[in-house]
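What follows is one structure encoded as structure tokens, with my remarks underneath.
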Amino acid sequence: MFDFLMAYKKYDPASKSLLEIAILYPGPKAIFLHRLAHSLYKYHLFFLARFVSELNRWLTGIEIHPGAKVGKRLVIDHGMGIVIGETAEIGDDCILFHGVTLGGMNFDPVKRHPTLGDRVLVGTGAKILGPVKIGSDAKIGANAVVTKDVPSQATAVGIPAKCVH
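Going from the sequence shown to this note's numbering is simple: count from 1 and add 77.
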């Protein structure tokens with residue numbers, strides 16, 4: 078838990094203390110509640126998992142489906158309006174800004190949400206849709222709409238998103 082709070086401290090120069098981050102930042106609360114909901118979900122306690130997820134959304138404005146897999150030290154900056162779908166997978170040390178959607182494009186009971194590698198940065202308002210893979214160390218620009226895979230260390234911008242060098 079300590080390294081998780083330290084990730085926020087390292088990322089946000091405006092933070093004054095770990096206590097401030099733990100109590101006043103919505104991201105750590107959302108991730109803590111998601112981890113609880115995800116544990117319930119793994120034990121097939123779906124109603125309780127969704128209930129905790131719903132409380133999470135009410136408290137933080139961040140909606141993370143209990144089935145989503147979230148890696149270590151995820152930083153959610155501001156967070157309001159973030160939506161992370163059921164089959165989404167997020168690697169370690171990623172950063173998501175407010176308004177990000179990791180969403181699906183169909184309703185079939187298959188892998189239908191994105192997979193983010195490690196150290197991926199997703200800009201404000203970006204939408205990553207479908208079972209696409211975002212490689213490690215990639216960056217997704219603000220308001221980009223990604224519907225195709227993005228390789229490692231690439232930067233994707235625009236609607237539809239295209240990789241730039």
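A virtual CB, placed ideally from N, CA and C, is assigned to each residue, including glycine. Keep in mind it's a predicted model, so treat the numbers as computed, not measured.
>> If you measure between the beta carbons of Gly-200 and Phe-174, is that distance less than 8 Å?
In response: Translated into the one-based positions of the sequence shown, residue 200 becomes position 123. Translated into the one-based positions of the sequence shown, residue 174 becomes position 97. Their beta carbons are under 8 Å apart, which means Gly-200 touches Phe-174 by this criterion.
> What does Ala-233 pair with, by DSSP beta-bridge criteria?
Replying inline: Here residue 233 refers to the residue found at position 156 when the sequence shown is read from its first residue. DSSP output for Ala-233 lists Ile-217 and Cys-240 as bridge partner(s).
> Is it a yes or a no for the region 151–164 touching the region 121–128, going by three-plus beta-carbon pairs under 8 Å?
Replying inline: no
> Taking buried to mean at least 16 other C-beta atoms within 10 Å of its own C-beta, is Tyr-102 buried or exposed?
Replying inline: Here residue 102 is taken as the residue at index 25 of the sequence shown, counted from 1. Classification of Tyr-102: buried, given that the 10 Å Cβ count is 16 or more.
> Can you tell me the Cα-Cα spacing of Lys-119 and Leu-96, whole angstroms?
Replying inline: Taking the sequence shown and counting its residues from 1, the one referred to as residue 119 is at position 42. Taking the sequence shown and counting its residues from 1, the one referred to as residue 96 is at position 19. Computed Cα separation, rounded: 30 Å.
> Using the C-alpha atoms, what's the distance from Asp-170 back to Lys-87?
Replying inline: Here residue 87 refers to the residue found at position 10 when the sequence shown is read from its first residue. Here residue 170 refers to the residue found at position 93 when the sequence shown is read from its first residue. Whole-angstrom Cα-Cα distance: 11 Å.
>> If distances are taken between C-alpha atoms only, which option among Arg-150, Val-177 and Lys-149 comes closest to Gly-58?
In response: Outside the modelled stretch of the chain, which goes from 78 to 242, sits residue 58, for which no answer is possible.
>> What does the Cβ neighbour count give for His-121, buried or exposed, with the cut at 16 atoms within 10 Å?
In response: Residue mapping note: residue 121 aligns to position 44 of the sequence shown, counting from 1. The residue in question, His-121, is exposed, as its Cβ has fewer than 16 Cβ neighbours within 10 Å.
> Which word fits Gly-181, buried or exposed, when buried means at least 16 other C-beta atoms lie within 10 angstroms of its C-beta?
Replying inline: Taking the first residue of the sequence shown as 1, we reach residue 181 at position 104. That one is buried.
>> Tell me the DSSP secondary structure of Gly-41 in three-state form.
In response: Absent from the model: residue 41. The displayed extent of the chain is 78 to 242, so no value can be given.
> Given that a residue counts as buried once 16 or more other Cβ atoms are within 10 Å of its Cβ, and exposed if not, what is Ala-114?
Replying inline: Position 37 of the sequence shown, counted from the start, is the residue given in the question as residue 114. That one is buried.
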